[in-house]
Every structure is written in C-alpha cells, then in structure tokens.
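Structure, as structure tokens:
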Amino acid sequence: MLEFPTWKKLWYWGLTLVIALCAVPSLVSLTNARWPAFLPEPKINLGLDLAGGSRLLLEANRQQVVQQRLEGMEESVRTRLRQASPTIAIGDFSSTGGQLAFTVRDPSQVDAAREAILPLTSGAGLTGQRDWDITVQDGTRFILVPTQAGIDLAISNAMETAVEVVRKRIDALGTKEPDIRRLGGTRIDVQVPGLQDPQALKNLLGQTAKLEFKLVDETAVPSDLAKGMVPPGDELVPYADANDPAAGGVPVLAVKRLGGIKGDELTDAKQAFDSKTNAAVVSITFNQQGGEKFAKLTSENVGKRFAIILDGKVLSAPAMHEAILGGSAQISGSFNVQSATQLAIALRSGALPVDLTVVEERTVGPDLGADSIQKGVVAMGVGTVLLMLFIFLTYGRFGAYANLALVFNVLMILGVMAVLGTTLTLPGIAGFVLTIGAAVDANVLINERIREERHRGRRVVQAVELGYKEASRAIFDANITNSIAAVLMFAFGSGPVRGFAVVLMIGIVTSVFTAVTMSRMWVAGWLRRARPSDLNV
Amino acid sequence: MKLLKLIPDHTNIHFLRWQWPFFITNLLAMAASIVLLFTHGLNLGVDFVGGQMIRVTFEQSATAPVGKLRDSVDALGFGEPVIQTFGKPNEVSVRMKLPEGADDNPKLADGMARKITAKIRQDFADARVDGVDSVSGKVSGELFHTGMLALGLAMICISIYIWIRFEWQFAVGALFALVQDILLTVGMFSLTQMEFDLNIVAALLTLLGYSLNDKIVVYDRIRENMKKHRRMPMNELLDLSVNETLSRTIATSLSVLIMLVSLLFLGPDVIFGFTAAITLGIFIGTYSSIFMSAPILIWLGVKSDTFVKQESEIDRQDRLAREGGARP
Numbered sequence: 008m009l010e011f012p013t014w015k016k017l018w019y020w021g022l023t024l025v026i027a028l029c030a031v032p033s034l035v036s037l038t039n040a041r042w043p044a045f046l047p048e049p050k051i052n053l054g055l056d057l058a059g060g061s062r063l064l065l066e067a068n069r070q071q072v073v074q075q076r077l078e079g080m081e082e083s084v085r086t087r088l089r090q091a092s093p094t095i096a097i098g099d100f101s102s103t104g105g106q107l108a109f110t111v112r113d114p115s116q117v118d119a120a121r122e123a124i125l126p127l128t129s130g131a132g133l134t135g136q137r138d139w140d141i142t143v144q145d146g147t148r149f150i151l152v153p154t155q156a157g158i159d160l161a162i163s164n165a166m167e168t169a170v171e172v173v174r175k176r177i178d179a180l181g182t183k184e185p186d187i188r189r190l191g192g193t194r195i196d197v198q199v200p201g202l203q204d205p206q207a208l209k210n211l212l213g214q215t216a217k218l219e220f221k222l223v224d225e226t227a228v229p230s231d232l233a234k235g236m237v238p239p240g241d242e243l244v245p246y247a248d249a250n251d252p253a254a255g256g257v258p259v260l261a262v263k264r265l266g267g268i269k270g271d272e273l274t275d276a277k278q279a280f281d282s283k284t285n286a287a288v289v290s291i292t293f294n295q296q297g298g299e300k301f302a303k304l305t306s307e308n309v310g311k312r313f314a315i316i317l318d319g320k321v322l323s324a325p326a327m328h329e330a331i332l333g334g335s336a337q338i339s340g341s342f343n344v345q346s347a348t349q350l351a352i353a354l355r356s357g358a359l360p361v362d363l364t365v366v367e368e369r370t371v372g373p374d375l376g377a378d379s380i381q382k383g384v385v386a387m388g389v390g391t392v393l394l395m396l397f398i399f400l401t402y403g404r405f406g407a408y409a410n411l412a413l414v415f416n417v418l419m420i421l422g423v424m425a426v427l428g429t430t431l432t433l434p435g436i437a438g439f440v441l442t443i444g445a446a447v448d449a450n451v452l453i454n455e456r457i458r459e460e461r462h463r464g465r466r467v468v469q470a471v472e473l474g475y476k477e478a479s480r481a482i483f484d485a486n487i488t489n490s491i492a493a494v495l496m497f498a499f500g501s502g503p504v505r506g507f508a509v510v511l512m513i514g515i516v517t518s519v520f521t522a523v524t525m526s527r528m529w530v531a532g533w534l535r536r537a538r539p540s541d542l543n544v
Numbered sequence: 010m011k012l013l014k015l016i017p018d019h020t021n022i023h024f025l026r027w028q029w030p031f032f033i034t035n036l037l038a039m040a041a042s043i044v045l046l047f048t049h050g051l052n053l054g055v056d057f058v059g060g061q062m063i064r065v066t067f068e069q070s071a072t073a074p075v076g077k078l079r080d081s082v083d084a085l086g087f088g089e090p091v092i093q094t095f096g097k098p099n100e101v102s103v104r105m106k107l108p109e110g111a112d113d114n115p116k117l118a119d120g121m122a123r124k125i126t127a128k129i130r131q132d133f134a135d136a137r138v139d140g141v142d143s144v145s146g147k148v149s150g151e152l153f154h155t156g157m158l159a160l161g162l163a164m165i166c167i168s169i170y171i172w173i174r175f176e177w178q179f180a181v182g183a184l185f186a187l188v189q190d191i192l193l194t195v196g197m198f199s200l201t202q203m204e205f206d207l208n209i210v211a212a213l214l215t216l217l218g219y220s221l222n223d224k225i226v227v228y229d230r231i232r233e234n235m236k237k238h239r240r241m242p243m244n245e246l247l248d249l250s251v252n253e254t255l256s257r258t259i260a261t262s263l264s265v266l267i268m269l270v271s272l273l274f275l276g277p278d279v280i281f282g283f284t285a286a287i288t289l290g291i292f293i294g295t296y297s298s299i300f301m302s303a304p305i306l307i308w309l310g311v312k313s314d315t316f317v318k319q320e321s322e323i324d325r326q327d328r329l330a331r332e333g334g335a336r337p
C-alpha cells in the first residue's frame with residue numbers, strides 16, 4: 008500500500024500539475040489581470056446567473072406541424088392526380104380528424120390513383136418506413152392517415168429548421184455568443200449573455216414570419232363573410248385594414264385556399280420606403296425559383312388582387328396592374344420603420360416552420376452576478392482557511408497533508424471545469440464550497456482510523472496502511488451514493504442546478520484522487536524519510 | 010504539538026438506551042412536519058407554481074420599503090404581489106401570478122414584468138432590478154413533477170445500492186433515515202415559510218448524498234464489528250460501532266458546517282435559502298446518523314449472527330465426515 012515506484016510518483020504529480028495548471032487562466036481572469044494572448048486559454052464559462060443576461064425557453068406548437076403537414080399533403084395529392092394522364096377526378100375531399108379522405112370518381116381509376124400517390128407516402132429516410140398509411144374503403148374512398156414515425160420525423164425536421172432560424176435572427180440582433188439548443192421534443196433553449204431587456208428578442212422570435220401570396224376571391228360577398236360563410240375552395244383570413252373599400256367593411260378577406268405561393272424562396276429582404284407614398288415598406292427579392300413562380304402567378308392574374316399574408320393575417324391586398332417579372336417586390340402594410348426592419352430581419356432569416364411561444368423566461372442583471380461571484384469567492388476563502396485550521400489542529404502533520412490535498416483538489420476541479428468548458432453557475436459556487444467541506448471527509452476517515460489502529464497498539468507503518476485500507480471501503484461507498492444524487496440532479500435539473508451537479512461530480516472524482524491517492528503518497532514519503540517511531544495523530 | 014480532540018478517545022455512550030425516547034421524538038417531529046405541510050403548506054416559488062418573480066435590491070436603504078412597494082405594484086392592477094425579503098433585509102423578491110389564460114395566450118403576460126419594473130424604478134429611486142423570472146404554468150408543472158421524481162428516484166437508487174453492498178435491513182434503515190431527513194427539512198421550510206424552489210430540490214438531493222455518507226460509515230463499522238465480535242450482544246455492538254465512529258461523524262459534519270456557515274453569512278444572497286436548507290439538513294442528518302441509523306437495525310430483527318453464513322445440511326455432513334475421517 009505504501010510502495011510508490013518513481014514512475015508512479017511522476018505520473019501522479021504530472022497529472023495533478025497539468026490539470027491544476029489549466030485552472031490558472033480562470034483564476035487570473037478573476038483578478039481582472041490580462042492573460043497573455045499567445046498562451047492557450049481554457050476558461051470556465053460563467054452561467055447566466057453569474058454573468059447576467061436572458062434565457063428564454065421556447066415551445067413549438069406540435070399540433071400546428073401536424074396540421075401544416077396535412078395541408079401540404081392535400082396540395083401534393085391534388086396536384087399529382089390532376090397531372091396524371093389521364094387526369095384522375097376526385098371529390099369529397101376532407102381533411103378533418105387528422106387524416107385526409109377523398110373519393111375517386113371513376114372506380115376503374117382506383118389503382119391508378121393509388122399508384123400516383125404512393126411515392127408521396129414513403130418516408131424521407133432510408134429505412135423504407137411509411138409516412139402515411141393508405142386504406143381504401145368501399146372501393147373508391149381513399150383514407151390517408153399519417154404514421155407516428157412520419158409525424159415525429161416532421162416535427163424533428165421542423166425543430167431543426169426552427170433552431171437554425173432562431174440562431175439567424177438572434178445573430179441579426181448583434182448579440183454576442185448566444186447559446187441556442189434544442190431541448191427535449193419541441194423546445195428550444197436560448198441563452199443570451201448580457202442581454203438585459205429581452206423584449207426585442209421576444210418580439211422577433213414571436214414572429215413566425217410565414218409570408219404567403221394568395222389570390223383574393225373577388226366573387227365573395229362581404230355580408231356572407233361577416234356571417235362566417237366560407238365560399239367553397241376559399242379560406243377566411245383576418246384583415247385589419249377596414250379602410251380598404253374592397254374588404255367591404257368586414258374584418259376578414261376571402262382568399263383562394265390553394266394555388267398561392269409562399270414567401271420562403273427569398274434571397275433578401277430589407278426595409279425601404281415606397282417611392283410614391285414614402286411609407287415604410289419591406290422590399291423583397293426572390294431567388295430564381297421563387298421569382299419564376301411569382302412571375303407566373305402575377306402574369307396569369309393581371310388585374311386581379313392578391314393578398315399578402317403574414318402569419319395568418321392579411322397585411323395588404325394590392326391589385327396586380329402588370330406582371331412582376333424582375334423577381335423583386337415590395338410589401339406594404341401599416342409599417343413604421345422599426346416594424347418594417349424587424350419583418351425584414353425575420354424574412355431574411357427565413358420563416359419559422361412552426362409558431363414558438365415563450366414558456367419560461369429568466370433575466371439576471373449584471374450587478375447581481377458580479378456581486379455573487381465576489382461574495383462566493385470571499386465565503387470560499389474564509390471557509391477554506393477556517394477549515395484548514397481546524398483540520399491542522401485536529402490531525403497535525405496528517406492534517407497538513409489533508410490540507411495540501413485540498414488545495415490541489417480545488418485547483419483540479421477548476422482545471423477540469425476549464426478543460427471541459429463547463430459552466431459555473433450560482434449554485435455551482437455553493438457546490439464548490441460544499442465539495443471542499445466534504446472532500447476532507449476522506450482524510451478525516453483515514454486519519455481517525457490511523458489514530459484508532461495506533462490505540463490498538465499497531466506499529467506505525469501498519470497503522471497507516473490499515474488506516475488507508477479500511478477507510479477506503481466507506482469512502483468508496485459514500486462517493487457512489489453522492490454520485491447517484493449528482494447524476495439524478497444533472498438528469499432532471501435545469502440550467503443552474505445542472506451547474507451545481509457538474510461541480511459535485513467533478514469534485515467527487517478529483518477529491519478521491521487528491522485526498523486518498525496523493526495524500527497516501529505524501530505520507531508514505533514521509534514515513535520512509537523520517538522513520539518515525541510514534542505518530543502524533 | 011498537542012492535537013485538538015473534539016471527542017475523547019474512548020467514549021462509551023449508551024446511545025441505544027435512549028432509542029425509544031428518541032424514536033418517539035422522531036415520530037412526533039415527522040408527524041409535526043406532515044401536519045405543517047397540510048396546514049401551512051410550502052411557500053412555493055415561481056419555478057413550481059408559475060408566475061413572475063422580480064428581484065429588487067434597494068441600494069440606499071437598510072430595509073426594503075415592503076409596504077410601499079406592495080401598494081406601488083398593486084396599483085398597476087395585475088393583482089396583489091407576494092413580497093418577501095431574502096438574504097438581506099434590503100433585497101426583496103416580488104412574485105405575481107400570471108394573468109388568467111396566459112398559458113394559451115402569451116401576449117397577456119407579455120409586458121407585465123416590463124410595466125412592473127418600470128413602475129418600481131419610477132417610484133423608488135434606489136431600486137436596482139436584479140432579475141426577472143417568468144415561468145408558465147405548463148413548465149412549472151413539469152419542473153415540480155421532475156423535481157419530485159428526481160428526489161424519489163435518488164432515494165430508491167441509493168437504497169438499492171446499500172442493499173447490494175450491505176443487507177436489506179441496512180437499506181431499509183437508510184431509507185427510513187433519509188425519509189426522516191427530507192421530511193424534517195421540508196417541515197422546517199413549511200414552518201419558516203422560506204421560498205421553496207428548484208434550487209431547494211437540488212439542496213435536498215445533495216443532502217441525501219451527504220446524509221448517507223454518515224450512515225454508510227456507521228454501517229460499514231457495524232458490519233466490520235459483526236465479523237469481529239460474533240458473541241457480543243447486538244445492543245452493545247451497535248453502541249460500540251456508533252461510539253467508534255463518533256469522532257469521525259462529528260469532525261466531518263463540522264468540516265462541512267464550517268464551509269456552509271461561511272457561505273451562509275458571507276456568500277451570495279440569492280442562494281441563502283439553498284445554503285440554509287443544506288445546513289439544516291446536515292444537522293438533522295448528523296443527528297439521525299448517531300441516534301437513528303443503528304437502532305433501526307435492531308427493530309428490523311438484525312442479530313449479531315444474522316449475517317454469519319448458515320451451514321447447509323450438506324456442508325454439515327461434509328464437515329462431520331471430514332472430522333470423523335480425520336479421527337483415528
């Protein structure tokens with residue numbers, strides 16, 4: 008137990024010193040001194056509760072993804088069957104209850120219809136799983152039911168896109184080092200250090216920015232719309248601009264449900280001013296494909312009105328006087344410069360595939376964090392000095408070794424945190440202080456045992472050996488139970504609590520190394536050199 | 010150098026003589042905690058009930074003008090706030106419920122915190138707004154659920170570990186002591202009406218770990234002594250084990266307490282409740298390690314020879330045959 012060959016000693020010391028060295032940059036930054044730029048700089052990140060900033064937890068509307076997918080499928084199915092040769096006529100299309108249903112008019116075309124829509128139903132993955140199940144009832148009625156796997160995949164894809172869009176939008180705000188990550192099934196965790204007023208960010212993220220251009224149904228009768236009667240093939244979209252005479256004083260507009268184009272094929276969007284009215288507008292530029300679609304839509308419908316719809320609300324419904332072929336257009340609405348700029352940012356970063364709502368929001372002022380760090384450091388310093396004094400007074404030389412182990416333990420925890428790039432949070436500081444208190448427990452156990460073995464009359468070397476051996480069992484068990492608590496805390500906790508758990512876990516590992524292994528090495532070295540005949544322990 | 014001895018070397022305190030008075034006191038304390046939880050409940054923070062919490066420090070005042078602050082916020086018409094100081098008397102948290110229906114329509118809650126902080130800044134020149142937490146009802150429900158799940162799982166996992174390493178009686182004993190530690194600590198939170206939030210659950214989890222360290226050390230010694238002293242009556246054996254580990258139990262608890270107390274008085278104010286919970290728990294845990302963890306074993310029917318391997322019939326015949334064969 009007390010034999011330490013030279014290679015082992017070198018290895019232990021090397022490991023300790025290298026890890027402890029990694030703590031230096033973090034310690035230097037505490038004193039506001041400058042760290043030379045040419046040296047590597049592993050530093051511990053400060054959590055939002057210490058650095059100040061905002062955290063938003065966004066949740067996506069799962070149901071909306073499912074609904075959008077249903078609508079997309081309907082459009083695809085209709086297009087497929089129309090384009091089939093010969094055209095397959097269908098009727099009774101319904102998209103209620105989370106499934107699509109339609110009837111093929113000519114029973115002899117049922118097989119052809121199935122053939123035509125089959126490619127639409129297989130999954131995007133290579134596994135060959137189906138996204139939709141097709142069943143045919145009564146010979147001619149097709150039922151398309153989305154499979155769970157298909158829905159999950161759609162949501163997963165939507166969330167991936169959403170995270171990207173959120174990232175682009177936050178970058179556009181010019182904030183530094185935002186941390187954006189997907190959390191669980193339908194949530195996104197956004198942390199922006201230094202951001203004090205999250206309102207602008209919330210406004211930006213709260214906007215889905217789904218832009219659509221749809222034809223206005225000119226035949227709709229405003230009085231029918233007011234009663235909620237929807238002309239076939241149309242949908243009603245809220246339209247706040249009651250001054251528009253075409254709306255007929257009704258706060259909704261009937262637009263053709265299908266056949267419009269989406270505004271997601273843009274290369275640019277920026278705030279501009281209308282050349283005639285001088286009002287703030289958003290000028291958009293389509294990409295090649297979007298430009299062609301837009302040109303087709305406008306040239307086929309010259310003289311008609313089309314509605315510019317943003318997030319399910321009509322912004323404006325201008326008439327197309329001529330075909331717009333250049334691939335760029337401008338969106339008017341009742342904008343001011345600020346809201347036009349915001350929309351431009353949102354459009355540039357792309358539409359969110361799904362609405363996001365803020366379900367949790369935390370903001371911490373910068374003063375509080377600085378205050379907490381300072382107080383945490385003071386508490387740790389005072390506590391550590393008192394603790395070392397207590398340990399030294401109780402165990403003498405063995406206490407001094409325990410204290411030395413403690414110093415290395417603190418440095419090693421900091422070093423490991425810096426190398427792993429973990430985040431120090433406010434409860435993490437508490438975890439640190441607590442870990443220091445608990446780390447000496449191992450040495451207390453060992454030293455008490457050595458003391459006991461001496462009282463039983465064992466010789467010095469034997470007492471030390473037994474002390475380490477017998478205490479190890481309890482130390483091991485105790486650390487396992489602590490790990491269980493820490494792992495569960497990490498698994499179930501959020502932000503700051505996780506920071507606490509991380510410190511505990513790192514502390515458990517490093518404390519066993521310093522308090523048991525290193526201290527044993529030092530004690531063994533002393534026994535060999537001094538060959539004491541008695542122990543003052 | 011004369012070393013400090015907190016506990017004299019060879020103590021022989023008959024802890025088990027008082028096992029029944031202590032047990033009854035424990036049961037009463039646990040019952041009181043449960044009654045408190047039902048009558049007073051816990052002062053749950055926004056983490057668990059949803060709502061908004063705004064932390065404000067009054068930099069120029071020794072104590073926060075709580076009454077005036079309440080009137081000021083109340084005048085906005087969002088409902089009456091719950092105002093509580095934490096850490097220092099000039100630091101308060103202002104808690105508000107989210108408006109009715111805010112879960113479905115986040116716009117309702119939007120701007121509420123903004124208006125309140127603006128009003129506070131306007132009415133109190135020295136007010137420094139340190140943070141705003143806003144948690145929707147949906148998330149708070151989940152946080153509460155996962156918090157309780159984590160606590161429950163921790164107790165079960167730790168007990169299973171003890172069961173594997175020791176015997177089932179030790180696991181039951183540890184579990185009972187853990188339930189007692191948690192219950193009494195939570196009871197104190199109910200009594201003092203300190204805010205109970207997510208951090209406190211983390212504190213309770215930490216407590217489980219540390220409280221168990223003590224028990225493991227005692228149990229480890231009991232197991233060792235059971236092997237050494239096969240003929241010793243159980244009462245004496247348990248007393249011996251607790252006495253032998255007493256010095257260590259006290260020294261360790263004291264080490265942790267030194268750190269905790271300096272954190273409590275010098276550390277960040279925001280985690281005052283968190284530190285208080287752990288400090289309290291360490292006291293309760295130390296008490297239960299010394300007075301409770303050992304007697305439970307007796308009540309569970311552990312005897313000095315319980316864990317000595319019983320000789321099976323085949324082994325006995327083998328032994329007799331060997332002994333018989335060895336005889337001339």
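Read top to bottom, the protein sequences are chains W and C. Throughout the first sequence, residue numbering follows my numbering, covering 8 to 544 in sequence. Throughout the second sequence, residue numbering follows my numbering, covering 10 to 337 in sequence. Just so you know, even glycine gets a beta-carbon here, dropped at the ideal spot from N, CA and C.
Run down chain C in chain order and give the residues with a C-beta less than 8 Å from the C-beta of residue i.
{"i": "TYR402(W)", "result": "LEU12"}
{"i": "LYS382(W)", "result": "LEU275, GLY276, PRO277 and ASP278"}
Under 7 Å Cβ-Cβ, which residues of chain W neighbour residue i?
{"i": "PHE280(C)", "result": "Reading the sequence as shown, one finds Ile at residue 280(C) and not Phe. The answer, in chain order, is LEU433, PRO434 and ALA437."}
{"i": "TYR170(C)", "result": "ILE487, THR488 and ILE491"}
{"i": "VAL138(C)", "result": "GLY372"}
{"i": "ARG174(C)", "result": "ASP484"}
{"i": "ALA163(C)", "result": "ILE491, ALA492 and LEU495"}
Going along chain C, which residues have a C-beta under 7 Å from residue i?
{"i": "LEU328(W)", "result": "First, the residue type needs correcting, since residue 328(W) is His and not Leu in the sequence shown. Under the 7 Å cutoff, chain C gives no residues; its nearest Cβ is about 37 Å from HIS328(W)."}
{"i": "VAL530(W)", "result": "Going along chain C, no residue has its Cβ under 7 Å from VAL530(W), so there is no contact; the nearest lies around 16 Å."}
{"i": "GLN206(W)", "result": "ARG123"}
Quick one: grab the DSSP three-state call for residue i.
{"i": "LYS50(W)", "result": "coil"}
{"i": "THR517(W)", "result": "helix"}
{"i": "PRO337(C)", "result": "At PRO337(C), the pLDDT of 43 sits below 50, so the modelled position is not reliable and the matter cannot be decided from this model."}
{"i": "THR215(C)", "result": "helix"}
{"i": "GLU176(C)", "result": "coil"}
{"i": "ASN52(C)", "result": "strand"}
{"i": "GLU253(C)", "result": "helix"}
{"i": "PHE45(W)", "result": "coil"}
{"i": "ILE331(W)", "result": "coil"}
{"i": "ASP374(W)", "result": "helix"}
{"i": "ALA30(W)", "result": "coil"}
Use the C-beta contact count for residue i: other C-beta atoms within 10 angstroms, 16 or more gives buried, fewer gives exposed.
{"i": "LYS234(W)", "result": "exposed"}
{"i": "SER501(W)", "result": "buried"}
{"i": "PHE360(C)", "result": "An answer regarding residue 360(C) cannot be provided, because it is not within the stretch 10 to 337 covered by chain C."}
{"i": "SER61(W)", "result": "buried"}
{"i": "ALA445(W)", "result": "buried"}
{"i": "THR23(W)", "result": "buried"}
If the cut is a Cβ gap below 8 Å, which residues of chain W does residue i touch?
{"i": "THR284(C)", "result": "ALA437"}
{"i": "GLU253(C)", "result": "GLU459"}
I want to verify the contact list: residues of chain C whose CB lies under 9 Å from the CB of residue i, in sequence order.
{"i": "ARG69(W)", "result": "Chain C residues near ARG69(W): none, gap ~13 Å exceeds 9 Å."}
In chain A, which residues lie less than 8 Å from residue i when you measure between Cβ atoms?
{"i": "ILE443(W)", "result": "No chain A is present in this structure, whose protein chains are W and C."}
- Task: Give, in chain order, every unbroken run of the beta strand (DSSP E) that is at least 3 residues long and sits entirely within the stretch 196 to 251 of chain W.
- Result: 218 to 222 and 241 to 245
- Query: Taking only runs of the beta strand (DSSP E) that begin and end inside the stretch 132 to 189 of chain W, which ones reach a length of at least 3 residues, in chain order?
  - Reply: 139 to 144 and 148 to 153
- Query: Whole beta strand (DSSP E) runs in the stretch 444 to 476 of chain W with 3 or more residues, listed along the chain?
  - Reply: none
- Enumerated in chain order, which unbroken segments of the alpha helix (DSSP H) with a length of 4 residues or greater are wholly contained in the stretch 96 to 167 of chain C? 121 to 132
- Item | Chain-ordered residues of the stretch 211 to 228 of chain C with a beta carbon less than 8 Å from chain W | ALA211, LEU214, THR215, LEU217, GLY218, TYR219, LEU221, ASN222, ILE225 and VAL226
- Could you list the residues in the stretch 140 to 156 of chain C with a C-beta less than 8 Å from some C-beta on chain W, going in chain order? GLY140, VAL141, ASP142, SER143, VAL144, SER145, LYS147, VAL148, LEU152, THR155 and GLY156
- Query: Counting only runs that start and end within the stretch 59 to 128 of chain W, where is the beta strand (DSSP E) found for 3 or more residues in a row?
  - Reply: 60 to 67, 97 to 101 and 107 to 111
- Positions along the stretch 351 to 376 of chain W whose CB lies within less than 7 Å of some CB in chain C: THR364, VAL365, VAL366, GLU367, GLU368, ARG369, THR370, VAL371, GLY372, ASP374 and LEU375
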